[in-house]
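Visitor: The following block contains the structure, expressed as structure tokens.
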Amino acid sequence: LKGLGALKSYFRDRVMEHQRDITYDFELWGVRDNQLMARWTAAFTWLPINGNIEMDGVCNVLFARREDGGLICVEYNEWFDQTEV
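Sequential numbering from -5 applies to the sequence shown in this note's numbering.
Take a look at the structure:
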């Protein structure tokens, strides 16, 4: 996904409309300068099949400093596996 519009569309169309009973957790693996790595897990009911999905993933996030001093994500990469349970 690229851009805020694509991200909003994804969450509206894939998450809000089709997922229920969502659980999410993460484990921060490390932070160096403007980059972090973490492992994450998620589980939810996927309404189109009325089944449960479990996901296990890793993400690498790159941040940049905004003019106001805050941070903004400029690159997000993830790798995951999902299982229907």
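Glycine is no exception: its CB is placed at the ideal position from the N, C-alpha and C atoms.
I think N28 touches N54, with their Cβ atoms under 8 Å apart; what is that distance to the nearest whole Å?
Guide: Actually they do not touch by this definition, with Cβ atoms about 12 Å apart.
Visitor: Among the residues of its own chain, which have a CB less than 6 Å from the CB of V52, if the five just before and after it don't count?
Guide: So the list reads R33 and W73, once near-sequence residues are dropped.
Visitor: R75 by DSSP, collapsed to three states: which one?
Guide: Arg is not the amino acid found at residue 75; the sequence shown has Asp there. If DSSP states are grouped into helix, strand and coil, D75 belongs with the strands.
Visitor: Tell me, which residues are paired with W34 by DSSP?
Guide: Its beta-bridge partners are F20 and G51.
Visitor: Using beta-carbon positions only, say whether D50 and D75 come within less than 7 Å of one another.
Guide: For D50 and D75, yes; Cβs fall inside 7 Å.
Visitor: Going by C-alpha distance, which of K(-4), A58, E78 and V79 is nearest R26?
Guide: Of the candidates K(-4), A58, E78 and V79, the one whose C-alpha sits nearest the C-alpha of R26 is A58.
Visitor: Between which two residues does the alpha helix (DSSP H) harbouring L1 extend?
Guide: Unbroken alpha helix (DSSP H) run through L1: L(-2) to Y4.
Visitor: Give the straight-line distance between the Cα atoms of I47 and G64, rounded to the nearest whole angstrom.
Guide: Near 35 Å, if we compare the C-alpha coordinates of G64 and I47.
Visitor: Hey, how far is the Cα of E69 from the Cα of K(-4)?
Guide: If you take the alpha carbons of E69 and K(-4), they lie about 9 Å apart.
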